[in-house]
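**Student:** Here the first sequence is numbered in my numbering, starting from 328 and rising by one per residue. No residue lacks a Cβ here, since even glycine has one placed at the ideal position from N, Cα and C.
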Amino acid sequence: MIRAYTNNGQWSDALALYSLMRRSGVWPNNYTYPFVLKACGHDPSAGIWSGKTVHGELIRNGLESDLYVEAALVIWYAKCGELNDGRKVFDGMTSRDLVCWTTMITAYEQAELPRESLMMFGFMQQQQGILADSVTVVSVASAVGQLGNVKSARSVHAHALCCGILEDVCGGNAIVAMYGKCGDVESARMAFDRMEERDIISWNAVLSGFVQNGQAREAFSLFELMKESGCRPNPLTALIMLSACSFLGSCQLGMKIQGFLVDNKITVDLTLRNALIDMYAKCGDLETAMGMFNDIGVRERDVTSWNVMIAALGTHGRGKEALDLYLRMQEEGVRPNHITFVSVLSACSHAGLIDEGKNCFADMQRFSVKQEVKHYACMVDMLGRAGLLNEAFDLVRTMPSPPNDGVWGALLLACRVQGNSELGEVAANNLFLLEPEHPGYYVLMSNVYAASRKWHEVGNLRTEMKSRGLMKPAAVSMIEYRGEIVGFQTADWLNPFRHEAYKKLEGIAVEMKSRGYFPDRSCVLHDVEEEDKDHILNYHSEKLAVAFGIIKSEAGSTITVMKNLRICCDCHSAFKLISDIYRRRIVVRDGNRFHHFEAGSCSCNDYW
DNA sequence: TATCTTTGTT
Numbered sequence: 328m329i330r331a332y333t334n335n336g337q338w339s340d341a342l343a344l345y346s347l348m349r350r351s352g353v354w355p356n357n358y359t360y361p362f363v364l365k366a367c368g369h370d371p372s373a374g375i376w377s378g379k380t381v382h383g384e385l386i387r388n389g390l391e392s393d394l395y396v397e398a399a400l401v402i403w404y405a406k407c408g409e410l411n412d413g414r415k416v417f418d419g420m421t422s423r424d425l426v427c428w429t430t431m432i433t434a435y436e437q438a439e440l441p442r443e444s445l446m447m448f449g450f451m452q453q454q455q456g457i458l459a460d461s462v463t464v465v466s467v468a469s470a471v472g473q474l475g476n477v478k479s480a481r482s483v484h485a486h487a488l489c490c491g492i493l494e495d496v497c498g499g500n501a502i503v504a505m506y507g508k509c510g511d512v513e514s515a516r517m518a519f520d521r522m523e524e525r526d527i528i529s530w531n532a533v534l535s536g537f538v539q540n541g542q543a544r545e546a547f548s549l550f551e552l553m554k555e556s557g558c559r560p561n562p563l564t565a566l567i568m569l570s571a572c573s574f575l576g577s578c579q580l581g582m583k584i585q586g587f588l589v590d591n592k593i594t595v596d597l598t599l600r601n602a603l604i605d606m607y608a609k610c611g612d613l614e615t616a617m618g619m620f621n622d623i624g625v626r627e628r629d630v631t632s633w634n635v636m637i638a639a640l641g642t643h644g645r646g647k648e649a650l651d652l653y654l655r656m657q658e659e660g661v662r663p664n665h666i667t668f669v670s671v672l673s674a675c676s677h678a679g680l681i682d683e684g685k686n687c688f689a690d691m692q693r694f695s696v697k698q699e700v701k702h703y704a705c706m707v708d709m710l711g712r713a714g715l716l717n718e719a720f721d722l723v724r725t726m727p728s729p730p731n732d733g734v735w736g737a738l739l740l741a742c743r744v745q746g747n748s749e750l751g752e753v754a755a756n757n758l759f760l761l762e763p764e765h766p767g768y769y770v771l772m773s774n775v776y777a778a779s780r781k782w783h784e785v786g787n788l789r790t791e792m793k794s795r796g797l798m799k800p801a802a803v804s805m806i807e808y809r810g811e812i813v814g815f816q817t818a819d820w821l822n823p824f825r826h827e828a829y830k831k832l833e834g835i836a837v838e839m840k841s842r843g844y845f846p847d848r849s850c851v852l853h854d855v856e857e858e859d860k861d862h863i864l865n866y867h868s869e870k871l872a873v874a875f876g877i878i879k880s881e882a883g884s885t886i887t888v889m890k891n892l893r894i895c896c897d898c899h900s901a902f903k904l905i906s907d908i909y910r911r912r913i914v915v916r917d918g919n920r921f922h923h924f925e926a927g928s929c930s931c932n933d934y935w
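(1) Between the region 830-850 and the region 792-811, can you find at least three pairs of beta-carbon atoms closer than 8 Å?
(2) What distance in whole Å lies between the Cβ atoms of Leu-771 and Trp-735, which are believed to be in contact at a cut-off of 8 Å?
(3) For Arg-910, collect the residues of the same chain with a Cβ closer than 7 Å to its Cβ; drop the 5 residues on either side in sequence, then sort them by chain order.
(4) Mapping the DSSP letters down to three states, classify Gly-413 as helix, strand or coil.
(5) At which residue ranges does the region 333-358 contain complete alpha helix (DSSP H) runs of 4 or more residues, listed in the order of the chain?
(6) Would you mind sorting Leu-549 into buried or exposed? The rule is 16 or more other CB atoms within 10 Å of its CB.
(7) Nearest to Leu-613 by alpha carbon, out of Tyr-934, Ser-928, Arg-916, Asp-933?
(8) If you compare alpha carbons, which of Asp-393, Val-363, Gly-510 is closest to Thr-380?
(9) Can you grab the Cα-Cα spacing for the pair Tyr-358 / Ser-377, in whole Å?
(10) Are there 16 or more other CB atoms within 10 angstroms of the CB of Leu-740, so buried, or fewer, so exposed?
(11) Beta carbon of Ile-908, beta carbon of Glu-838: below 8 Å?
(12) So Asn-500 packs on Ala-532, CB below 8 Å; how close in whole Å?
(13) Is the beta carbon of Gly-644 sitting closer than 8 Å to the one on Ser-930?
(14) Out of Ser-900, Ile-894, Ala-901, which one is the CA nearest neighbour of Phe-921?
(15) Is the beta carbon of Phe-845 less than 8 Å from the beta carbon of Ala-828?
(16) Grouping DSSP H, G and I as helix and E and B as strand, with all else coil, what is Ser-422?
(17) How many angstroms separate the CA atom of Tyr-703 from the CA atom of Val-723?
(18) Helix, strand or coil for Ile-886 per DSSP?
(19) Val-944: which of Arg-693, His-484, Met-582 sits nearest, CA to CA?
(20) Please determine, among Arg-559, Leu-603, Asp-629, the residue with the shortest C-alpha to C-alpha distance to Gly-618.
(21) Figure out for me which residue from Ala-366, Arg-662, Asn-919 has the closest Cα to the Cα of Arg-693.
(22) Just the C-alpha distance for Lys-365 and Leu-458, rounded to the nearest angstrom, thanks.
(23) Using the DSSP secondary-structure output, state which residues sit across from Cys-929 in a beta bridge.
(24) Where does Ile-835 fall in DSSP's three states?
(25) Alpha carbon to alpha carbon, what distance is there between Asp-596 and Val-477?
(26) DSSP has Ile-806 in a bridge; who is on the other side?
(27) Should Phe-902 and Phe-924 be called a contact, given that it needs their Cβ atoms to be closer than 8 Å?
(28) Return the chain-ordered ranges of every alpha helix (DSSP H) run that is complete within the region 587-654 and spans a minimum of 4 residues.
(29) Report yes if the C-beta distance between Met-706 and Leu-761 is below 8 Å; otherwise report no.
(30) Identify every residue that forms a DSSP beta bridge with Ile-913.
(31) Can you tell me whether Asp-682 is buried or exposed? The criterion is at least 16 other CB atoms within 10 Å of its CB, across all chains shown.
(32) When you compare the region 435-454 with the region 462-475, are there three or more beta-carbon pairs, one atom per stretch, that lie closer than 8 Å?
(33) Inspect the CB distances between the region 771-788 and the region 863-870 and report whether three or more fall short of 8 Å.
(34) Tell me the residue span of the alpha helix (DSSP H) that contains Lys-722.
(35) When we look at the beta-carbon of Met-328 and count the other beta-carbons within 10 Å, is it buried (16 or more) or exposed?
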């Protein structure tokens, strides 16, 4: 009876029956405990002591060296975060079968310790000569996905081919998801195409792989295929597709997904409403986002609803309103969590609200939210960009855990804004040690050098990048046109609209010059002739997209452009003037935040 | 009579 309840997911019923059994004076045996422990691990009301009590009981029953009972104990300990106690049980086992090993491998994987998980896997095979089954490989595939290492992914795939787990839907799904998380979408797609049978998880896994790797447009064509195949999308599919809309910055696509939800009677629960708010904000439509947030009843809002809206206001530079929401959520009795503080601290950072940010950072202790490395990164960003580089560096040196790439990256970015190449070198050297293959940091440091006209150092970094085979990511700006997303890149000879866009830009340049505009050459980071600099500046991807927007959209309408990298300072100045000349609101989402240009000025007040 | 597995939010 207890087994029946447990296998049916009725955890508390199973535990209640177990308790009745104990009171009736019937002794549990080795068949009882695995189910009882499983129920303890799943029932949130069971608490940590229920399992510990059971552990004590089974020792008194002399069952502590039963293979099945021990395996169940390992899982239970792992489920409640006591991984070390689980490992102790595992280490004390006299014999271990494949399932025991898989249990430990899964425990590490679920605890987000992929290296330990893979170490156990290797140990099992090499030292014990145990052959993995499909369940083991699925767990190992998840671990590799967390690690993000393509080489390991290929080796697990080879393993999966050997065991024949790819005939299993679950196994195939795990391989597809693994490749997606390792950044190899082509392999994810191939593994997906070769599956004999596909379920909703297979489709979600492959869609999410495409979206996570920036191939949102491909995700949309796959989504069409999915609908044709007769597989019914579920709420998670909707979440994935909404993040695809956010990536592309397309409200129109977002509205389509919203309509799809209604047409297919998919319940728009709080999670989906939060995701919709997030999508609208990331597509530049803050008003719709705010409207949807206000439509959710005050009592209904969860911590994510508040976090999403605070982050949205923050990225649009409306720091004061973000702070206001942060206070209001407290009045409503919603406890801020670690993400609330990331959102509110970065909102302060974007708006230059230093004292307010410091107060929020101090609030964390009041709410007993741990000050994690990511929060320090926000503080370093906030202080550094405000010109308080020494204070920022002090924080880096005194923070309780070692600074990661996020912290050093924030400091390096601040050094570029402030033009401090000495401190920039310190940050960059740490970054080169932590992330030697990340091209962004080499580019950022060469930007710092270029701003100080240290062309020799710029050249050295370029050589270093070349020898490592690293490429500077290309700048792409996207704009919506007739329901399609058009991408602009400098020197993109395949773009059918390039002639129109270039021609319009020439006209715009003439117009701006007549208003006394001079290009800001300081943003060009090459050692080239001054006239060449003007030429380079005038054909930046964001300028091409804005020019295209002016031609193709109705007079007076807002032009919204999404750029993958940060906007350049000349484009920023130019857009202020263009918004005035052409009487247009121009909204630019860059890699970091939103800029709303209107009547000659920008919502960021030139603080970015 | 039994123990291990896949997609995801800010």
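**Tutor:** Short version:
(1) The region 792-811 makes no contact with the region 830-850, as fewer than three CB pairs between them are under 8 Å.
(2) Wrong, their Cβ atoms sit about 10 Å apart, outside the cutoff.
(3) So the qualifying residues of the chain are Gly-883.
(4) The answer is helix: DSSP assigns Gly-413 an H, G or I state.
(5) Runs of the alpha helix (DSSP H) inside the region 333-358: 338-350.
(6) It counts as buried.
(7) The option with the nearest alpha carbon to Leu-613 is Arg-916.
(8) Nearest C-alpha to Thr-380: Val-363.
(9) In this structure, the alpha-carbon of Tyr-358 lies about 18 Å from that of Ser-377.
(10) When all chains shown are included, Leu-740 counts as buried.
(11) Yes, the Cβ-Cβ distance between Ile-908 and Glu-838 is below 8 Å.
(12) Between Ala-532 and Asn-500 the Cβ distance is about 5 Å, and since that is below 8 Å, they are a contact.
(13) At the C-beta level, Gly-644 and Ser-930 come within 8 Å of one another.
(14) Of the candidates Ser-900, Ile-894, Ala-901, the one whose C-alpha sits nearest the C-alpha of Phe-921 is Ile-894.
(15) Contact flag unset, no.
(16) DSSP places Ser-422 outside both helix and strand once states are collapsed to three, so it counts as coil.
(17) Distance between the alpha carbons of Tyr-703 and Val-723: 8 Å.
(18) In the structure shown, Ile-886 sits in a strand (DSSP, three-state: E or B).
(19) In the structure as shown, the chain begins at 328 and stops at 935. Residue 944 is therefore absent and cannot be evaluated.
(20) Cα-wise, what sits closest to Gly-618 is Leu-603.
(21) In this structure, Arg-662 is the residue among Ala-366, Arg-662, Asn-919 with its C-alpha nearest to the C-alpha of Arg-693.
(22) For Lys-365 and Leu-458, the gap between their C-alpha atoms comes out near 26 Å.
(23) Among the bridge pairs identified by DSSP, Cys-929 is matched with Phe-924.
(24) The three-state secondary structure of Ile-835, taken from DSSP, is helix.
(25) Spanning the two alpha carbons is a distance of roughly 36 Å.
(26) Residue pairing for Ile-806: DSSP places it in a beta bridge opposite Val-813.
(27) In terms of Cβ geometry, Phe-902 and Phe-924 form a close pair [threshold 8 Å].
(28) 597-609, 613-622, 630-642, all fully within the region 587-654.
(29) Contact: no.
(30) Bridge partners of Ile-913: Ile-886, Phe-924.
(31) Under this definition Asp-682 is an exposed residue.
(32) They touch, by the three-pair rule.
(33) Result no; under three Cβ-Cβ pairs closer than 8 Å.
(34) The amino acid at residue 722 is misidentified as Lys; the sequence shows Leu. Leu-722 -> alpha helix (DSSP H) spans 716-725.
(35) Taking a 10 Å sphere around the C-beta of Met-328, we find fewer than 16 other C-beta atoms and assign the residue as exposed.
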